[in-house]
Ligand SMILES: Nc1ncnc2c1ncn2[C@@H]1O[C@H](COP(=O)(O)OP(=O)(O)OP(=O)(O)O)[C@@H](O)[C@H]1O
Ligand SMILES: Nc1ncnc2c1ncn2[C@@H]1O[C@H](COP(=O)(O)OP(=O)(O)OP(=O)(O)O)[C@@H](O)[C@H]1O
Ligand SMILES: [Mg+2]
Ligand SMILES: [Mg+2]
């Protein structure tokens, strides 16, 4: 029994990490239909910049804020320098640009920082919290809380604000968006800034648990992408639920079946879900009248 | 036994009954028009007949055979095809290629033959190409044959769709607003084309808001409103039907009559 | 695609392949050439799937893995000669492609991407975890191809580099020839049509599901054969061959070169195979430059190298 | 209000507008008629800024508009209901309309929306449904209504009657006339040339990228060449 | 003429952990040698490629080294996969090759031109198991990374365990980028009779395992592998969580506390000082492998000059070379030349290393 609880706690912790990454995907996707494969790099930058500014003597909160701010700028630069000049290119080409950007950022990070793994102290210490015989570290609560807050923020943004609608409109039909007076260039800039900020925030929150190195981005992006697809791309609810489910699946498989094939089981479940719901758990099917 | 027989067809989206219990039939060479206000369910009816949507009630019979749940490509192979209200063009292919695709059934052989470019496959392709060129002439797009289809204007694309559908040598052809985006003169050309096709024995289902055209060429008219059939009959009877006038035609029809004079 | 006829393209490619060795200063260049051709073969398969049929796959390295390991395992466990192992790998890949393609090809866009990604990861996971059979992450040795010895017996003494250069070039040329045939055929046209509009394709009698499956299977066989050739050439194979990064690399090659164009695929493979070799002079900056090149190509030639240049020549802008 | 001088435009290297001159005065309804592929849509796109102009100039309410980005043109009072409707298919009908008034946050937005619903009651019925599910004609209504939500001084309509039932077509033409009463200037591209010319003050005829004829609408209707080529009479 | 030495290492990519310090070490040492006048008056010309851990690339670079750069010897192959890809190229071209990877299959069976400097994973397992044996541990749970390093060691440990009468009751794994291993550890904890936990792996995995074990309050001895033998590990895992962790390490790690009588002391101290001064980061065992490889190779070049065959022969004749990893004596039957004594059992106490034996 306490084992089950431990598996669940582990699953939720890991799931929250995935959810944070998946949430980062949503904005850029919603604004441009592009899955930004450099999203994992934003997470990495969030962690790495915090590590290095913290080591340089900045207080941790300040280091974290600085990391988020700098990463947002990187996101904006990515949009301005790489994606905007390619406007009008097919979506696959844009995706390749984000893959190129991911390689570029990784290459830059290994030059600017180093190739070592790093970590900074947990925000509220490492004393585990005991719950009915299972344990969870306080940092997990930060991660889970962060994921939930980002989710609520995004959900409000997309359902309640005109700017959020403008973002959706831009992806849906860029030409029409311009015709109604939306500055689509600005929407893209905003989206990249926000996505990057969410990514960096994820990096700041998870580094005490997962550690950070210049190349952690790829793995995180992959899991985050899978989580987002499980939940339904573009929907914050999907990102949250998809992330947590993926984490739980892995933890339960590792606990009860085989740790060796836990990723396999996770992917098989994703395939099974997509088989029944081709748009993921919460994805809306687009209605295209003929 | 009619060539095409539709009975009790219906479908719903959420709470809305988009089409409900609609039936009619079409014979070779007949032009059956389906008219009705926007959102009456005409396109949805076409979608069900052509297999794009699966109806939740009713039947479609082709030559007496029940084809209600048949997939579009099966129906196409049986000789039923259509054009679209919202253009469905192969944008990245040339205008000519768009039409050649219409010859798919007669052109395609075994996969191996295609992969190895065996003479049989090449021969079939050449025939298809030549025939496609003929068809393009017929819709006056032969000059644009090598253009990318995506570069054509709206009206030209409408005609391209018709050519593509004709390539299949259908027995039943569903045309969804073929004259939309065409001016009076262009509409008349399409008008003639449709009449010609009917004469050659094709059964034509036509959805069109251009009443001049509908009244001129239809043999039979089915009127839908809110998914239901509210009237049916010859052009004259339908155009005088008060329910149809109220729901669809309106009284202000003199303008087009005026233009006729 | 319109620049020249099928035979012109093939001839140009063949001449290039035949003439290049005249300028090779050392045997190493044969190795690079052979890699370009093997990659070109795999990517040509992807052109059929992505460029013609418009279906994405982020898991094609899985098929390369199957092809590669077939050549490692079949000779060791079944006593099959390597040449037949290539065939066996292709058959297994094709069967697997049918089995998984049926359910997942109903998915669209990113959902298809994640499903294929899952497939690729499953394959690489099995190769990694079934250590007893596959040697795990450390990989396993692959028996060489007997053909070279046979040729030597006929008095044709080829170095390993030359041998693989020729063999890979032939394989690629055949692959390109088939892909070009397909492009102009009814099947290929139908694939491109479903790319444009599935509904319209269906209403002209195209069995969309079947056609997608055909594209998937054909491209899987391409990847499998390429994987086999790679394993045989390297005489060693590790699960990296089936890894996610390899899948991404193949798609990147296809898109960089121009995903609708077969010659583009070869160009893309050439670029992405050569770049790391050229960039060794930058050592530290290799990743940086690689990423930058990818971005710049896509910005200035958004439809990929060949098609964009062809379009520019023809005068129709983007 | 709107003057177009020598506008040229091309797709790639192929020029499709070869120097178009056109003028729309304040409060006027002006219509452009022409065959398929004449360049009418391209011209409207040049005006709304979604198609680059390679030569010539566009002035709107005294300002040069030629290099103003598309999204800024609505701010200046120029709205378009484009060819192919271009609605936001993934958003609800109401969201589409709300986005039409993206520039505004005052109470008038609500009033305008009610006006739109009054004009096309079907849109009210479908307000919470995804716009992509609408029928062709309903989408057309939405596109027009959305353009009106932007409170334009000048409205560019590209074949507004396309795909609409006769009753609605008549209604659209009435709306256009009523807009004039509300001081909205209209540039109308129509295949229903007869209907368009009937309500228009002036008309232009466009052939292969050039204006070939212009004059008061009544004169054009009476012109035998036009009657034969565009009205089919 | 200069003597051309080639290297293909995983300086980036998933195995950068290994390749990065190796590349840095080789560059530093070649510089040192050249500054000191080279070998027999001839400078060493180092050609170093980064294969990113990709075996396919490694083979291409190996081909390039022998065919294009015409090197007389190769060092490299940070991982077993890359090593095996380079191996047949070196054999074909008849160029001596020292690998820096762990697997036993590299030198068993012996390949004429192939040597290696790291101990095998099997030796690490044996070292650990003999320590367990001394402490009376017979039943253990194992949790390994699925990367090449972890998986290879996992297999070797399972293979050699019976020899030390050790029973592996629970055999768990984790992926190289996993963030939480509490499910696996919970399973091990709940397995009856487990007396100790063994964690073959490198990178972030072992640090997380160590933290998770502390989080769960599992009170069993934890054995890590030589893959984490660096100060960085203690920092990442946290001194508190890492307290009491044992692992087999090399002399390099405990340079400061080695007795002066230890023959390795001067070697490891010199290397550690030079490396840390030059790169500002702590040395790792892996850099040590590269250090020994360069030393062995250049020593052989002193007799062999730039003739590959002569270098190989000299290499095989090496006896009693004192390196950072251990004391090497090669023979035609043994191309590793290390024995178990090269490993020292270390324990983390108060955030630092202590020697157990
Ligand atoms: N896929 C769908 N999802 C939701 N609603 C739909 C869908 N398809 C059709 N409808 C609804 O069904 C009704 C009928 O639509 P349909 O397109 O058949 O009308 P129509 O008669 O063709 O109209 P028009 O003349 O405007 O083209 C409309 O109210 C439409 O909103
Ligand atoms: N995207 C494009 N790329 C290339 N050429 C194009 C493109 N769009 C239109 N054209 C060409 O420009 C010319 C003018 O087209 P336009 O759409 O402006 O005509 P139109 O007058 O609106 O016709 P319609 O009445 O059919 O809508 C046509 O010859 C068309 O083929
Ligand atoms: Mg309709
Ligand atoms: Mg137009």
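Protein chains in written order, with the working numbering: chain A, 124 to 413; chain B, 683 to 943; chain C, 2 to 319; chain D, 102 to 334; chain E, 34 to 390. Glycine is no exception: its CB is placed at the ideal position from the N, C-alpha and C atoms.
For residue 257(A), the beta-bridge partners assigned by DSSP are 254(A).
When CB distances to chain D are screened at a threshold of 9 Å, the residues of the segment 305 to 330 of chain A falling below it are 305, 306, 307, 308, 309, in chain order. The contact set of residue 181(E) on chain C, defined by CB atoms closer than 7 Å, consists of 138, 139 in chain order. For residue 379(E), the closest C-alpha among the options 302(E), 319(E), 325(E), 282(E) is that of 282(E). Its chain contains 183, 184, 189, 192, 193, 196, 216, 261 as the residues whose beta carbon lies nearer than 8 Å to that of residue 53(C), once the 5 sequence neighbours on both sides are disregarded; these appear in chain order. When distances are taken from the beta-carbon of residue 259(D) to the heavy atoms of ligand 4, the shortest one is below 7 Å. Here the alpha carbon of residue 302(A) sits roughly 26 Å from the alpha carbon of residue 830(B).
Sixteen is the threshold: when 16 or more other Cβ atoms of the shown chains lie within 10 Å of the Cβ of residue 120(E), as they do, the residue is buried.
Nearest C-alpha to residue 195(E) among 363(E), 343(E), 165(E): 165(E). No Cβ-Cβ contact shorter than 8 Å links residue 34(E) with residue 82(E). In terms of beta-carbon proximity, residue 773(B) stays away from the interface with chain A, with every pair separated by 8 Å or more. Residues 378 of the same chain have their beta carbon placed closer than 6 Å to that of residue 390(E), with the five preceding and five following residues left out of the count. Residue pairing by DSSP leaves residue 374(E) without any beta bridge partner.
The C-beta distance from residue 362(A) to residue 351(A) rounds to 5 Å, short enough to fall under 8 Å. For residue 328(D), the CB stays at least 7 Å from every heavy atom of ligand 1. Contact between the segment 858 to 876 of chain B and the segment 689 to 706 of chain B is absent: fewer than three C-beta pairs spanning the two stretches fall below 8 Å. A residue is called buried once 16 or more other Cβ atoms fall within 10 Å of its Cβ, and residue 183(E) is buried on that count. Judged by DSSP in its simplified three-state form, residue 281(E) adopts strand. Shortest gap from the CB of residue 235(D) to any heavy atom of ligand 1: under 7 Å. For a cut-off of 8 Å, the C-beta gap from residue 708(B) to residue 686(B) is around 4 Å, short enough to register as a contact.
For residue 318(D), not one C-beta of chain A is nearer than 8 Å to its own C-beta. If one requires a minimum length of 3 residues, the beta strand (DSSP E) runs lying completely within the segment 739 to 786 of chain B are 739 to 744, 762 to 764, in chain order. Judged by their CB atoms, residue 103(E) and residue 37(E) are nearer to each other than the 8 Å cut-off.
At a cut-off of 8 Å between C-beta atoms, residue 315(D) does not count as an interface residue with respect to chain B. Among the CB atoms of chain B, one or more fall inside 8 Å of the CB of residue 236(D). Boundaries of the beta strand (DSSP E) around residue 303(D): 303 to 308.
Per DSSP, residue 290(E) lies in no alpha helix (DSSP H) segment and is marked neither H nor E. Closer than 7 Å to some heavy atom of ligand 2: that describes the Cβ of residue 292(D). At a cut-off of 8 Å between beta-carbon atoms, residue 126(C) makes contact with chain A.
Proximity to residue 733(B) across 749(B), 722(B), 740(B) peaks at 749(B), based on C-alpha coordinates. DSSP places residue 40(E) within a strand segment (E or B) once states are collapsed to three.
Checking the 7 Å criterion, the Cβ of residue 184(D) is within range of a heavy atom belonging to ligand 4. Rounded to the nearest whole angstrom, the C-alpha separation of residue 135(D) and residue 209(D) is 37 Å.
Neighbours of residue 233(A) in chain E, taken as residues at a C-beta separation under 7 Å, are given in chain order as 45. Exclusion of the five residues before and after residue 683(B) leaves 746 as the residues of its chain whose Cβ lies within less than 6 Å of its Cβ. Any Cβ of chain B closer than 8 Å to the Cβ of residue 199(A) would place that residue at the interface, and such an atom is absent.
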